[in-house]
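Student: Protein chains in written order, with the working numbering: chain C, 637 to 866; chain S, 637 to 866.
Ideal Cβ placement from N, Cα and C applies to all residues, glycine included.
Keep in mind that this is a model prediction, so the values were computed, not measured.
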DNA sequence: CCCGGCGATATGCCGGCGATATACCGGTCG
DNA sequence: CGACCGGTATATCGCCGGCATATCGCCGGG
């Protein structure tokens, strides 16, 4: 153990050493994506590349790459020589996204139930513990929901499925932010989460899948109701 | 009509002006993707950016963008300052990909059965007609299979599902190319196609989904068998 | 035999150039 | 007088090639 070099010393040219290394493209992608999801960049708005460039204090290339990535994820739409716009939202897209999510999340829940390891079980029990405390506000609830779904994606042990679901989840997340002010009923959602996680812990794939499908479908119903009343 | 400038003169620096306009990025993406799928760039091999640059006679940016896109689709893996490699294939990935495809393609088939329009029906009948002729060689069969699946994606009337399935189909396509020399049994596949399309034409969602699931599962079994015997 | 420095290579990022599509605006015709 | 039309101005994009940097492989020295 002669070459004891602490990684923190040699890396970190600047300040941020969050978890792992972030290329500027990745950083730009995450930050712009967050702005879109949280509606800081509202649907339909023009994404001003030059403005982002000075706000994020980086060059054009990383931003270009981030926008392209977002375009492939259907979060922005790039019109040649017109500009890049945040994708608009509508009931139809909500339905289309949910259509896929119901099937995919359901299958992920089933796989998670069938495959989850001891480590997964520990993480899931922790999630259940946090759930029993209850969420103070809606944003806290969103974080919980996000953590639960991500855990299930991981437990499904399928990296393809995981990354696909991650993208669809983000699309849904934006819709949730859209109706954040409306107090959508979410007590049920919490209970569904508990039932869902318990089904996974019990290794009951059928029940996990069914519960997840109900959960996602119910989510759509709530969002849709809040959307149409706007 | 004073400014009569023929478009062919100013555009078309090279030769290919296929259908529609291709940006160089798109062109690079399609060509590199094709090379990967057809194993012209074999799994695990290093993707030499400079070589591609001179072979495609374009700059670095389009190639970079194409490679990033391929990386997000898990067709290449980019290791910082090491190089970009074509993603390796293994039985596990085949299983993981199929796992998602079974569910997604099945659902797409169901949706297609429920939603297909008159225009779709015409296209599907044409596909059935081509099928009755029969495929001469295996590559012809691949093209048929591809056309059928794409038609179903379109008929499902869900652009999100369509683009997701497109990506998974390409991942599977490469696996097919991998075992192309092995004469996998495919008579069944053709019959399945016929049954599948007929179920869709009949508007029988349940049967369409079930047939598609069988089809995709059977596909995996054949590929797997050919893969392990290598 | 092991270690440390050096060259080679590929990447991430940058800023600029030419091209292009839109918007605006003044002139002209109905 | 109003509407249309052609030309110009502008903003944005696609693409380019270069620079700085990080990593690996090699080779000579200890």
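(1) Among S:746, S:801 and S:716, whose alpha-carbon lies nearest the alpha-carbon of residue 842 (chain S)?
(2) Quick one: what does DSSP say residue 712 (chain C) is sitting in, helix, strand or coil?
(3) Would you please verify whether the beta carbon of residue 641 (chain C) is less than 8 Å from any beta carbon of chain S?
(4) Taking 6 Å as the limit between beta carbons, can you name the residues of its chain near residue 849 (chain S), skipping five residues before and five after?
(5) For residue 712 (chain C), which residues in chain S fall below 8 Å Cβ to Cβ?
(6) Taking all protein chains shown into account, do 16 or more other C-beta atoms lie within 10 angstroms of the C-beta of residue 672 (chain S), making it buried, or fewer, making it exposed?
(7) Can you look up residue 722 (chain S) in the DSSP assignment and give me helix, strand or coil?
(8) For residue 701 (chain C), return the contacting residues in chain S, with the cut-off set at a CB-CB distance below 8 Å.
(9) Quick check: what's the CA-CA separation for residue 825 (chain S) versus residue 763 (chain C)?
(10) Can you give me the start and stop residues for the alpha helix (DSSP H) that residue 841 (chain S) sits inside?
(11) Return the CA-CA distance between residue 760 (chain S) and residue 784 (chain S), expressed in angstroms with no decimal places.
(12) Would you report the Cα separation of residue 827 (chain C) and residue 778 (chain C), rounded to the nearest angstrom?
(13) Under 8 Å, do residue 788 (chain S) and residue 744 (chain S) count as touching if we go by C-beta distance?
(14) Beta carbon of residue 709 (chain C), beta carbon of residue 803 (chain C): below 8 Å?
(15) Return the residue from the list S:715, S:724 and S:732 that minimises the CA-CA distance to residue 679 (chain S).
(16) Counting contacts by CB-CB distance shorter than 8 Å, is residue 834 (chain S) in contact with chain C?
(17) Against residue 806 (chain C), what residues of chain S qualify as contacts under a CB-to-CB distance less than 7 Å, listed in chain order?
(18) How is the alpha helix (DSSP H) around residue 768 (chain S) delimited, first residue to last?
(19) Can you give me the C-alpha to C-alpha distance between residue 694 (chain S) and residue 662 (chain S), rounded to a whole angstrom?
(20) Name the two residues that bound the continuous alpha helix (DSSP H) containing residue 785 (chain C).
(21) Kindly list, in the order they appear in chain S, the residues whose Cβ is closer than 8 Å to that of residue 794 (chain C).
(22) Does DSSP put residue 815 (chain S) in a helix, in a strand, or in coil?
(23) So residue 729 (chain C) is in the alpha helix (DSSP H); what residue range does that whole segment cover?
(24) Compile a chain-ordered list of the residues in the stretch 737-748 of chain S whose CB is closer than 9 Å to at least one CB of chain C.
(25) With a threshold of 8 Å between beta carbons, is residue 851 (chain S) in contact with chain C?
(26) On the criterion of 16 or more Cβ atoms from any shown chain inside 10 Å, does residue 852 (chain C) qualify as buried, or is it exposed?
(27) Within the 8 Å Cβ cut-off, does residue 856 (chain S) reach chain C?
(28) Output yes or no for whether 8 Å exceeds the beta carbon distance between residue 800 (chain C) and residue 800 (chain S).
(29) Which word fits residue 817 (chain C), buried or exposed, when buried means at least 16 other C-beta atoms lie within 10 angstroms of its C-beta?
(30) How many Å lie between residue 722 (chain S) and residue 681 (chain S) at the Cα?
(31) Pick helix, strand or coil for residue 801 (chain C), following the three-state DSSP scheme.
(32) Kindly give me the distance between the Cβ atoms of residue 688 (chain S) and residue 699 (chain S), rounded to whole angstroms, as I take these residues to be in contact under 8 Å.
(33) From the DSSP output, in three-state form, read off residue 675 (chain S) for me.
(34) Using C-beta distances below 8 Å, list every residue in its chain close to residue 683 (chain C), excluding the 5 sequence neighbours before and after it, in chain order.
(35) Leaving out five residues on either side along the sequence, give the residues of the same chain with a beta carbon under 8 Å from the beta carbon of residue 664 (chain C).
(36) Look at residue 813 (chain C) and residue 674 (chain C) and say whether their C-beta atoms are less than 8 Å apart.
Tutor: The short version:
(1) Residue mapping note: residue 842 (chain S) aligns to position 206 of the second chain, counting from 1. With distances taken between Cα atoms, residue 842 (chain S) lies closest to S:746.
(2) Position 76 of the first chain, counting from 1, holds the residue named residue 712 (chain C). Three-state result, residue 712 (chain C): strand.
(3) By 1-based counting over the first chain, the position of residue 641 (chain C) is 5. Note that residue 641 (chain C) scores a pLDDT of 32, beneath 50, so its modelled location is shaky; the value from the coordinates is reported in the next line. Not one chain S Cβ lies under 8 Å of residue 641 (chain C).
(4) As a position in the second chain, residue 849 (chain S) is number 213, starting the count at 1. Correct list, in chain order: 738 and 742.
(5) The residue you call residue 712 (chain C) lines up with position 76 of the first chain. By Cβ distance, chain S contributes nothing, its closest Cβ being about 15 Å from residue 712 (chain C), past 8 Å.
(6) The residue labelled residue 672 (chain S) in the question sits at position 36 within the second chain. Buried is the call here.
(7) Along the second chain, read from residue 1 onward, the residue named residue 722 (chain S) stands at position 86. It is a strand residue.
(8) What you label residue 701 (chain C) is simply residue 65 of the first chain in a count that begins at 1. Correct list: 701 and 704.
(9) Stepping through the second chain from its first residue, residue 825 (chain S) is reached at position 189. Stepping through the first chain from its first residue, residue 763 (chain C) is reached at position 127. A direct Cα-Cα distance of roughly 45 Å separates residue 825 (chain S) from residue 763 (chain C).
(10) Position 205 of the second chain holds residue 841 (chain S). Unbroken alpha helix (DSSP H) run through residue 841 (chain S): 841-864.
(11) Locating residue 760 (chain S) in the second chain gives position 124, counting from the first residue. Locating residue 784 (chain S) in the second chain gives position 148, counting from the first residue. Going from the Cα of residue 760 (chain S) to the Cα of residue 784 (chain S) covers about 8 Å.
(12) Working through the first chain from its first residue, we reach residue 827 (chain C) at position 191. Working through the first chain from its first residue, we reach residue 778 (chain C) at position 142. For residue 827 (chain C) and residue 778 (chain C), the distance between alpha carbons rounds to 14 Å.
(13) To locate residue 788 (chain S), count along the second chain from 1; it is residue 152. To locate residue 744 (chain S), count along the second chain from 1; it is residue 108. Yes, Cβ-Cβ distance for residue 788 (chain S) and residue 744 (chain S) is below 8 Å.
(14) Along the first chain, read from residue 1 onward, the residue named residue 709 (chain C) stands at position 73. Along the first chain, read from residue 1 onward, the residue named residue 803 (chain C) stands at position 167. Their beta carbons are under 8 Å apart, which means residue 709 (chain C) touches residue 803 (chain C) by this criterion.
(15) One-based indexing of the second chain puts residue 679 (chain S) at position 43. Per the Cα distances, S:724.
(16) Your numbering for residue 834 (chain S) matches position 198 in the second chain. No, residue 834 (chain S) does not count as interfacial toward chain C.
(17) On the first chain, position 170 is the one that residue 806 (chain C) refers to. What residue 806 (chain C) touches in chain S: nothing, since even the nearest Cβ is about 12 Å away.
(18) Here residue 768 (chain S) refers to the residue found at position 132 when the second chain is read from its first residue. 754-769 is the extent of the alpha helix (DSSP H) around residue 768 (chain S).
(19) For this step, residue 694 (chain S) is matched to residue 58 along the second chain. For this step, residue 662 (chain S) is matched to residue 26 along the second chain. Residue 694 (chain S) and residue 662 (chain S): Cα-Cα distance of roughly 12 Å.
(20) Walking along the first chain from the start, residue 785 (chain C) turns up at place 149. That run of the alpha helix (DSSP H) goes 774-791.
(21) As a working mapping, residue 794 (chain C) is identified with position 158 in the first chain. Correct list: 732, 735 and 736.
(22) Your numbering for residue 815 (chain S) matches position 179 in the second chain. If DSSP states are grouped into helix, strand and coil, residue 815 (chain S) belongs with coil.
(23) Along the first chain, read from residue 1 onward, the residue named residue 729 (chain C) stands at position 93. Counting along the chain, the alpha helix (DSSP H) containing residue 729 (chain C) begins and ends at 727-751.
(24) 738, 739, 740, 742, 743 and 747
(25) As a working note, residue 851 (chain S) is residue 215 in the second chain. Not closer than 8 Å to any Cβ of chain C, the Cβ of residue 851 (chain S) fails to qualify, so no.
(26) As a position in the first chain, residue 852 (chain C) is number 216, starting the count at 1. Residue 852 (chain C) should be labelled buried.
(27) Your numbering for residue 856 (chain S) matches position 220 in the second chain. Closer than 8 Å: no.
(28) Here the question's residue 800 (chain C) lines up with position 164 in the first chain. Here the question's residue 800 (chain S) lines up with position 164 in the second chain. Taking 8 Å as the Cβ cut-off, residue 800 (chain C) and residue 800 (chain S) qualify as a contacting pair.
(29) As a first step, residue 817 (chain C) must be located in the first chain, where it is residue number 181. Looking at its Cβ environment, which holds fewer than 16 other Cβ atoms inside 10 Å, residue 817 (chain C) is exposed.
(30) One-based indexing of the second chain puts residue 722 (chain S) at position 86. One-based indexing of the second chain puts residue 681 (chain S) at position 45. If you take the alpha carbons of residue 722 (chain S) and residue 681 (chain S), they lie about 5 Å apart.
(31) Position 165 of the first chain, counted from the first residue, corresponds to residue 801 (chain C). Looking at residue 801 (chain C) - three-state DSSP - the assignment turns out to be helix.
(32) The sequence position of residue 688 (chain S) within the second chain is 52, counting from 1. The sequence position of residue 699 (chain S) within the second chain is 63, counting from 1. Contact holds; Cβ gap of about 5 Å.
(33) Here residue 675 (chain S) corresponds to residue number 39 of the second chain, with the count starting at 1. Reduced to three states, the DSSP call for residue 675 (chain S) is coil.
(34) Within the first chain, numbered from 1, the residue matching residue 683 (chain C) stands at position 47. Excluding residues within five positions, the ones whose Cβ falls inside 8 Å are 668, 677, 703, 712, 719, 720, 721 and 722.
(35) Your numbering for residue 664 (chain C) matches position 28 in the first chain. Same-chain partners within the cutoff: 688, 692, 694, 698, 699, 701 and 702.
(36) Indexing the first chain from 1 puts residue 813 (chain C) at position 177. Indexing the first chain from 1 puts residue 674 (chain C) at position 38. Yes; because the gap between Cβ atoms is below 8 Å, this pair is in contact.
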